[in-house]
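S.K.: Going left to right, the sequence shown walks through residues -23 to -1, 1 to 130 as mature numbering (1 follows the signal peptide of the UniProt record, and there is no 0) numbers them.
Can you keep this structure in mind? I'll have questions shortly.
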Amino acid sequence: MMAAPGSFLVLSAFILGLFHVEATPDTLSSQDASFCHGGLEVIYPELDIDECIIIPKDRKLREKVSTVWEAPEIYFTAAQKKKTYVLVMVDPDAPNRADPKSAYWRHWLVVNLKANELKEGQIQGTTLTGKYSFQLTIHIITLVTHYILFYCN
C-alpha cells in the first residue's frame, strides 16, 4: 500500500529548455533551482544531465530529445535498499510558461522500480503511460520545463 503523496521522499532533476535562455546552469529561476536535489543522472545519447541545467540552445539537440531519442538512461545512485520507487516525468507548465493550461502534463510514469535497478540505470518497473514520448508538436517547438521525479515508498 502506498502512503499519501505528501509523505513520499521526493528527489528530482529536471530539464529546462526555452529558446530565449542561454545554456548555463546559473540562469535557472530561483523557483526552479530550489526544486533540484541532485543525485539523479539522466543520459541521452548526446546529453548527460547530472544537475539541473538548461538544454543547450541547439534546435537539432532539442528535436532529438523531443522526437528522435528513446527513453533516457536514468541512474539514481542514492536509491535506498528495500525501497520501491515511482518515476514521473511531467511538464509543470504545459504548453508553455505564459499559458500553462495543460499544467502538469504527464509524459512518463513507471512504477515498482527497485533500488538496485535505479543504481544500475535499469528502468524495469511497470510503465503505465505507454512508450516514453514527447510526441506533441508544442513540445517540439518550445520544449519547456520537464521534471523527473522519484517517489519512494
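Where a beta carbon is used, it is the ideal one built from N, C-alpha and C, also for glycine.
(1) Considering only DSSP beta bridges, list what residue 91 is partnered with.
(2) Can you tell me whether residue 17 is helix, strand or coil according to DSSP?
(3) Do residue 96 and residue 61 count as a contact pair if the criterion is CB distance below 7 Å?
(4) Assign residue 22 to one of two classes, buried (16 or more other C-beta atoms within 10 Å of its C-beta) or exposed (fewer than that).
(5) Give the straight-line distance between the Cα atoms of residue 79 and residue 100, rounded to the nearest whole angstrom.
(6) Let me check one thing: in DSSP terms, what residues is residue 24 bridge-paired to?
(7) Helix, strand or coil for residue 40? Go by DSSP, reduced to three states.
M.R.: Reading it off the structure:
(1) Answer is 61.
(2) Strand.
(3) No, the pair does not count as a contact, with Cβ atoms beyond the cut-off.
(4) A residue is called buried when at least 16 other Cβ atoms come within 10 angstroms of its Cβ; residue 22 does not meet this threshold and is exposed.
(5) Put simply, the backbone Cα of residue 79 is about 27 Å away from that of residue 100.
(6) 21, per the DSSP bridge assignment.
(7) In the structure shown, residue 40 sits in a helix (DSSP, three-state: H, G or I).
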